[in-house]
Amino acid sequence: MAIKFKDIRRFLARNIRLSICFLDGQYHNYLLVSDISASEYDELYVYGIGMTDVEFSKDIYSEPEEPNGEVSISMSNLTIQPALEIVLSDKPRNIERNICDNLTFKDLKPYLQVIGEFNIVNKLDWSDESYKCRENIPEKYDNMYVYGIGMERISDHKKRMVLVLSDNPRQN
Numbered sequence: 324m325a326i327k328f329k330d331i332r333r334f335l336a337r338n339i340r341l342s343i344c345f346l347d348g349q350y351h352n353y354l355l356v357s358d359i360s361a362s363e364y365d366e367l368y369v370y371g372i373g374m375t376d377v378e379f380s381k382d383i384y385s386e387p388e389e390p391n392g393e394v395s396i397s398m399s400n401l402t403i404q405p406a407l408e409i410v411l412s413d414k415p416r417n418i419e420r421n422i423c424d425n426l427t428f429k430d431l432k433p434y435l436q437v438i439g440e441f442n443i444v445n446k447l448d449w450s451d452e453s454y455k456c457r458e459n460i461p462e463k464y465d466n467m468y469v470y471g472i473g474m475e476r477i478s479d480h481k482k483r484m485v486l487v488l489s490d491n492p493r494q495n
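According to our numbering, the sequence shown holds residues 324 to 495 in order.
Listed below in structure tokens is the structure:
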């Protein structure tokens, strides 16, 4: 059973920018998860989750122009900002998943970008450990439940994905 966007939406931090991307190269950028209409991408499958830098309007109250065909970017009214990137597809990837409805880290791990900064946070005591590569994240987290997915800026040029895990599944 593959992961659909509706399966991870509730875990996404509410205060991060998102870039929803598709395999054909099209994308839509959002300032907040709440900017995505309720069921817009729910039935699409997650192909990957990573971090990227994308363009946003400097005027947060104006709608950015949708790219259609050729795109002319004027940096005078745009800013490049870090965002959580979620790649979606209409077809699922062939990745085995836990049978229960709750998302475990083992379910999510194959969808994460391969290289990048990861901060794994234990919700129980808020302890954390950082890793530079997905493959370096130990199996001790595999059976923990995903509680939150976010991103934080370490410096102007570095960012890291934050994954909050819990021994108990999230209820809401």
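Backbone N, C-alpha and C define an ideal beta-carbon position, used for all residues, glycine too.
Whole angstroms is fine: what's the gap from C456's alpha carbon to V369's?
-> 20 angstroms
Take the Cβ of I326 as the centre, count every other Cβ of all protein chains shown within 10 Å, and call the residue buried at 16 or more, exposed below.
-> buried
K429 and D465 look like a contact to me (Cβ under 8 angstroms); what is the Cβ gap, rounded to whole Å?
-> 4 angstroms
Quick one: using the 10 Å Cβ neighbour count with 16 as the cut-off for buried, is M374 buried or exposed?
-> buried
What did DSSP end up calling I331 once you bin it into helix, strand or coil?
-> helix
Spatial neighbours of D451 within its chain, please: CB distance less than 6 angstroms, with the 5 preceding and 5 following residues excluded, ordered by chain position.
-> N442, V444
Roughly how many whole angstroms lie between the Cα atoms of I409 and K446?
-> 23 angstroms
In terms of alpha-carbon separation, which member of D347, N491, L426, M484 lies closest to M324?
-> L426
How long is the line joining the alpha carbons of L335 and S399, rounded to whole angstroms?
-> Looking at the two C-alpha atoms, the distance is approximately 30 angstroms.
P461 in three-state terms, based on DSSP | DSSP places P461 outside both helix and strand once states are collapsed to three, so it counts as coil.
DSSP three-state assignment for L431, whether helix, strand or coil | In the structure shown, L431 sits in a helix (DSSP, three-state: H, G or I).
With distances taken from CA atoms, which of I460, F379, D358, P492 is nearest Y468?
-> P492
So, helix, strand or coil for N417, using DSSP?
-> coil
Whole-Å CB distance - Y412 paired with L367, under 8 angstroms assumed = Correcting the residue type first, residue 412 is Ser in the shown sequence and not Tyr. Between L367 and S412 the Cβ distance is about 7 angstroms, and since that is below 8 angstroms, they are a contact.
Which residues mark the beginning and the end of the beta strand (DSSP E) in which I438 is found?
-> Run containing I438: 438-445, per the beta strand (DSSP E) assignment.
If we count the other Cβ atoms within 10 Å of its Cβ and call it buried at 16 or more, is A406 buried or exposed?
-> Under this definition A406 is a buried residue.
Figure out for me which residue from N495, K482, N352, F345 has the closest Cα to the Cα of T402.
-> N352
Considering only residues of the same chain and omitting the five flanking positions on each side of M474, which have a CB-CB separation below 8 angstroms?
-> A336, I339, M374, P405, A406, L407, K482, R483, M484, V485
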